[in-house]
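What follows is a short report on a single structure.
What follows is the structure in structure tokens.
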């Protein structure tokens, strides 16, 4: 038995002290072929330092050994030494037996540094060299799926299915097929695949994907059932709570939605969607203090969360806290491309605070974006009437009546104004 084999046996026995001794002996006495095999075994086991020592020794002795160079490149990738890894990969000859594998390693590396175009070129070159290799098809499918190129991804996953490949790298090819179909909007076909995958034992990811598909297709009862099953299977799967709250709210189960949001925040306290959805559910059941607390907690985590800020400002406006609403929104109104909802809320708050000039300024700022909103136009008309701004009021009434032509009260008001001004 070689020292390399004795080292591996010691590792199997979890005797690290003995393994260290045998490794030193292997470096000194074992032949190069045995050492290379040991390097491959150690790399697979995650012993990077020992693998590198062997590979460095062999490459110094055989500078044209591309298989050794590839091992070192893969170690460099694992250690985050991107430049060194790319240099080694570029040095591998196109005639080398490991050249196709080097293309796959390079593709992974380029994708990790956000150069998907280069990654794609490497994979397509590997596809030419290895036309029947499932790993290449899988890598291309994963690349295209991550890029949102669902039709291209689907073709590679379907090719794997045709080849009889059900799993690769512990990934279900059928699940990936369903993801690609979902991305293409083929929800029914995607759901059919996921339902079959989850008939008995199912992974967390499979249940989550199916639950989200149900939620997206407004099958909220099934979404709740599936996501609750996932929660029972793994309550730490924090992504499940947002779609579960959404489906519960959609069915009017607001108390459950509030409780689910609070549970979800226990697993992911930085999920701003759960603060927003939980606050919405709290308001629906009249739990105003809980809603306010959720919104304020979310804003403590992210003061720039505009959706939370708008909700809290709306809540404060409705509860007579007009100045607090202004304090929340005034800074947002000065931003470029501010949400017109900000100006609308500010206009109402300033009106309540008897600051008509600022109310007018914000109504006019919101008007270009909200002039097709009948509720906004009605409020603006009432404000203009209260300020006796007759020319502006008539224009607002005309715009409002385009949207709500059967509002008799406002139609009479416009007729009266026009009768008082025969030049109109």
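Residue numbers (our numbering): 1040 to 1463.
Backbone N, C-alpha and C fix where the C-beta goes; we use that ideal spot for every residue, glycine too.
Keep in mind that this is a model prediction, so the values were computed, not measured.
A distance of 7 Å or more separates the beta carbons of residue 1203 and residue 1192. Across the set 1261, 1272, 1302, 1291, the C-alpha of 1302 shows the shortest separation from the C-alpha of residue 1281. Shortest Cα-Cα distance from residue 1318 to any of 1305, 1293, 1340 involves 1293.
Rounded to whole angstroms, the gap between the alpha carbons of residue 1373 and residue 1343 is 14 Å. If you check the CB distance, residue 1050 and residue 1063 do not come in under 7 Å. DSSP assignment within the segment 1330 to 1371 yields the following whole alpha helix (DSSP H) runs of 4 residues or more, N-terminal first: 1345 to 1357. Taken atom to atom, the span from the alpha-carbon of residue 1414 to that of residue 1397 is near 20 Å.
When secondary structure is reduced to three states using DSSP, residue 1075 falls in the helix class. The shortest CA-to-CA distance from residue 1404 to any of 1425, 1331, 1381 is the one to 1381.
Counting other Cβ atoms within 10 Å of its Cβ, residue 1235 stays below 16 and is therefore classed as exposed. CA-CA distance, residue 1098 to residue 1207, rounds to 32 Å. Around residue 1135, the same chain offers 1105 as residues with beta carbons nearer than 7 Å, after the five sequence neighbours per side are excluded. Counting only the Cα atoms, residue 1384 lies some 23 Å from residue 1449.
Every alpha helix (DSSP H) of 4 residues or more that sits fully in the segment 1085 to 1120 is shown, in chain order, as 1087 to 1100, 1105 to 1117.
Annotation: residue 1447 to residue 1377 spans about 34 Å, alpha carbon to alpha carbon. Check the Cα spacing between residue 1296 and each of 1326, 1248, 1146: the tightest is with 1326. CA-to-CA, the gap between residue 1177 and residue 1221 works out to about 18 Å.
For residue 1222, the enclosing alpha helix (DSSP H) has its first and last residue at 1212 to 1222. Taken through DSSP and simplified to helix, strand or coil, residue 1422 comes out as helix. Among the bridge pairs identified by DSSP, residue 1206 is matched with 1211. When secondary structure is reduced to three states using DSSP, residue 1324 falls in the coil class, being assigned neither helix nor strand. The closest CA to that of residue 1174, considering only 1357, 1156, 1199, 1345, is found on 1199. For residue 1160, the enclosing alpha helix (DSSP H) stretches over residues 1155 to 1168.
Apart from the 5 residues on each side of it in sequence, residue 1429 sits with its Cβ closer than 7 Å to the Cβ of 1456 in its chain, given in chain order.
From the listed residues 1109, 1108, 1124, 1107, the smallest Cα separation to residue 1115 is found for 1124. From the listed residues 1112, 1078, 1231, the smallest Cα separation to residue 1147 is found for 1112. With contacts defined as CB atoms closer than 7 Å, residue 1217 and residue 1232 qualify as a contacting pair. Taking a contact as a CB-CB distance under 8 Å, the pair residue 1269 and residue 1290 does not count as one, their CB atoms being some 18 Å apart. DSSP places residue 1175 in the uninterrupted alpha helix (DSSP H) bounded by 1173 to 1185.
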